[in-house]
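Participant: Got a structure for you, written out below as structure tokens; questions coming shortly.
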Amino acid sequence: MDERLREQTSLDNRQLGFKKGVRTREAIAALAGLVVSSKARKLPLLAAFVDFSKAFDKVPQGLLLRRLREEGVSECDVLIVHAMYFDVWARVDGTDREIQEGAGVKQGDPLSPLLFLLFINNLYRHIRLSAHREDELGGEESEKDGTVSDERSIESRMCDYPWAGKLRGVGIGKGNKKTAK
Numbered sequence: 001m002d003e004r005l006r007e008q009t010s011l012d013n014r015q016l017g018f019k020k021g022v023r024t025r026e027a028i029a030a031l032a033g034l035v036v037s038s039k040a041r042k043l044p045l046l047a048a049f050v051d052f053s054k055a056f057d058k059v060p061q062g063l064l065l066r067r068l069r070e071e072g073v074s075e076c077d078v079l080i081v082h083a084m085y086f087d088v089w090a091r092v093d094g095t096d097r098e099i100q101e102g103a104g105v106k107q108g109d110p111l112s113p114l115l116f117l118l119f120i121n122n123l124y125r126h127i128r129l130s131a132h133r134e135d136e137l138g139g140e141e142s143e144k145d146g147t148v149s150d151e152r153s154i155e156s157r158m159c160d161y162p163w164a165g166k167l168r169g170v171g172i173g174k175g176n177k178k179t180a181k
């Protein structure tokens with residue numbers, strides 16, 4: 001199923017989390033290259049490493065199905081994901097009492113990282129496009145490399161994301177902030 005979904009969709013190439021063959025060192029190398037290039041061209045650089053807390057637990061399943069359709073997943077495969085996630089019951093420690101699974105993508109399921117990535121796949125595009133609505137948000141885009149610089153933070157732009165209000169409980173890790181000059 002993972003391969004089928006990957007064949008039907010195109011993950012944003014700036015997203016490095018949960019990608020096969022991409023490790024932390026590749027992300028660090030990419031960032032280092034951007035910093036060097038930005039300094040050489042005397043351009044501002046804004047980089048964001050977003051650490052979503054409780055992300056898998058809080059993905060609204062109905063919105064997940066909608067996002068899969070928007071990303072171009074076939075209706076047949078959307079229905080397979082639906083069968084995996086809707087009206088699913090579980091038993092804890094072999095007891096007779098059943099509990100209905102509700103929100104999020106399944107912890108430990110090999111498909112969950114990809115489903116989460118597809119769910120947020122348009123987040124970067126939304127953040128970039130919000131910089132172009134000068135009447136509301138301001139921002140300028142570099143014609144050379146497409147980078148966007150403005151006064152608004154990535155976090156405040158994420159709050160404008162269409163589903164931000166529906167992602168209750170999903171937080172953004174703020175503990176490790178580093179600034180390079």
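Position one of the sequence shown corresponds to residue 1 (full-length UniProt numbering), numbered consecutively onward. Glycine included, each C-beta is placed from N, C-alpha and C at the ideal position. These numbers come from a predicted model, not from an experiment.
1. Can you check which of these residues, Val59, Glu98, Leu79, is closest to Val88 by C-alpha distance?
2. Measuring CA to CA, which of Glu75, Arg41, Lys39, His82 is closest to Pro60?
3. Let me check one thing: in DSSP terms, what residues is Ile99 bridge-paired to?
4. Exposed or buried, Gly33, counting other C-beta atoms within 10 Å across all chains shown (16 or more means buried)?
5. Phe56 and Val105 - do their beta-carbons sit closer together than 8 Å?
6. Spatial neighbours of Leu115 within its chain, please: C-beta separation below 6 Å, excluding the five flanking residues on both sides.
7. Assuming Leu45 and Val35 make a contact with CB atoms under 8 Å, what is their CB distance in whole Å?
8. To the nearest angstrom, how far is the alpha carbon of Gln107 from that of Ala40?
9. I need the boundaries of the alpha helix (DSSP H) containing Thr24, first residue and last residue.
10. Do Thr9 and Gly72 have their beta-carbon atoms positioned less than 8 Å apart in this structure?
11. Using beta-carbon positions only, say whether Arg14 and Tyr124 come within less than 8 Å of one another.
12. For Ser112, which of helix, strand or coil comes out of DSSP?
13. Quick one, which of Lys54, Lys58, Val78 has its alpha-carbon nearest Leu65's?
14. Could you tell me if Arg67 is buried or exposed, where buried requires 16 or more neighbouring beta carbons within 10 angstroms of its beta carbon?
15. Are Phe18 and Pro113 closer than 8 Å when you measure CB to CB?
Facilitator: In short:
1. Glu98
2. His82
3. Ala90
4. exposed
5. yes
6. Val105
7. 6 Å
8. 43 Å
9. 24-40
10. yes
11. yes
12. helix
13. Val78
14. buried
15. yes
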